[in-house]
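Working notes, structure below.
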Amino acid sequence: RNRPVAVASMSESRPDVAEALDAIPEILQVHGLSGQTDLLVHVVAVDADDLYRVAGQILASPGVERTNTALVMRDLVDYRLTPLLRRAAGGPLAGDATRVASPGPGTP
Numbered sequence: 001r002n003r004p005v006a007v008a009s010m011s012e013s014r015p016d017v018a019e020a021l022d023a024i025p026e027i028l029q030v031h032g033l034s035g036q037t038d039l040l041v042h043v044v045a046v047d048a049d050d051l052y053r054v055a056g057q058i059l060a061s062p063g064v065e066r067t068n069t070a071l072v073m074r075d076l077v078d079y080r081l082t083p084l085l086r087r088a089a090g091g092p093l094a095g096d097a098t099r100v101a102s103p104g105p106g107t108p
């Protein structure tokens, strides 16, 4: 169930990078990011050697100057919508606490 991801940094913005990445069948999805990393690439690979090969294909794409790979080992918070829908309907989110003012000194 480990899901490999790759992050890529680009030397320059290249419109043809999306086309090059789209041509790699093992790439499931690509996100453009803000910050130090430019791309988050969700990939599939059968083993470490295959992941190395796919990362090499990403690195060979126009403008990509560096890649780093990682495995999603487990989901800590699953994708969810229910808390947002509950909040939109006017209900509390899990973890919301209603604060009750404590009575002042000498109040029964």
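My numbering puts the first residue of the sequence shown at 1, with every later residue one more than the last.
Where a beta carbon is used, it is the ideal one built from N, C-alpha and C, also for glycine.
Predicted, not measured: the structure shown is a model, and the values here were computed from it.
Measuring alpha carbon to alpha carbon, tell me which of Val54, Val46 and Val5 ends up nearest His31. Distances from the alpha-carbon of His31 to those of Val54, Val46 and Val5 put Val5 closest.
Would you mind listing the beta strand (DSSP E) stretches within the segment 50-92 that are 3+ residues and don't spill past its ends, in chain order? Complete beta strand (DSSP E) runs here, min 3: 64-72.
Residue nearest to Arg14 in terms of C-alpha spacing, selected from Ala55, Pro62 and Met73: If we check each option's Cα against that of Arg14, Pro62 comes out closest.
Verify whether the separation of the beta carbon atoms of Glu26 and Val7 is less than 8 Å. No, the pair does not count as a contact, with Cβ atoms beyond the cut-off.
Using DSSP bridges, identify the partner residues of Arg3. According to DSSP, Arg3 bridges with Val72.
For Ser9 and Leu85, what's the separation of their Cα atoms in angstroms? Rounded to the nearest angstrom, the two C-alpha atoms are 36 Å apart.
Name the one or two DSSP bridge partners that Glu27 has. Checking the sequence shown, residue 27 turns out to be Ile, not Glu. Bridge partners of Ile27: Val43.
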